Amino acid sequence: MKQLNIGNTNWKASAVALGIMRMEALSAKDAAKTLEAAVDSGINYKEAYY
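For the sequence shown, this note's numbering gives the first residue as 1014, with consecutive numbering after it.
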């Protein structure tokens, strides 16, 4: 997964984010599987808006 620099810091974020706004609609097991798959593929940036 491509990593992008965040501003003038040493922090990096994945070029792809996982939007989790609707995650509450999933069972805890399915939500965990989704998060594990995202992390396994290199996604380290998650966002949730309400």
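All C-beta atoms in this analysis are idealised placements derived from N, C-alpha and C, irrespective of residue type, glycine included.
Because the structure is a prediction, the values reported are computed rather than measured.
Where does the unbroken alpha helix (DSSP H) through Leu1017 begin, and where does it stop? Unbroken run through Leu1017 is the beta strand (DSSP E), 1016-1018; no alpha helix (DSSP H).
Which term fits Ala1051, buried or exposed, when burial requires 16 or more other beta carbons within 10 angstroms of its beta carbon? buried
On the three-state DSSP scale, how would you describe Ala1026? Of the three classes helix, strand and coil, the one that applies to Ala1026 here is strand, per DSSP.
Going by DSSP, what residue range makes up the alpha helix (DSSP H) through Glu1049? 1041-1053
To which residues of the same chain is Asp1027 closer than 8 Å at the C-beta, ignoring the five residues directly before and after it? Checking the sequence shown, residue 1027 turns out to be Ser, not Asp. Listed in chain order, the non-local C-beta contacts of Ser1027 below 8 Å within the same chain comprise Met1014, Lys1015, Gln1016, Leu1017, Gly1055, Ile1056, Asn1057, Tyr1058, local neighbours out to five positions each way being set aside.
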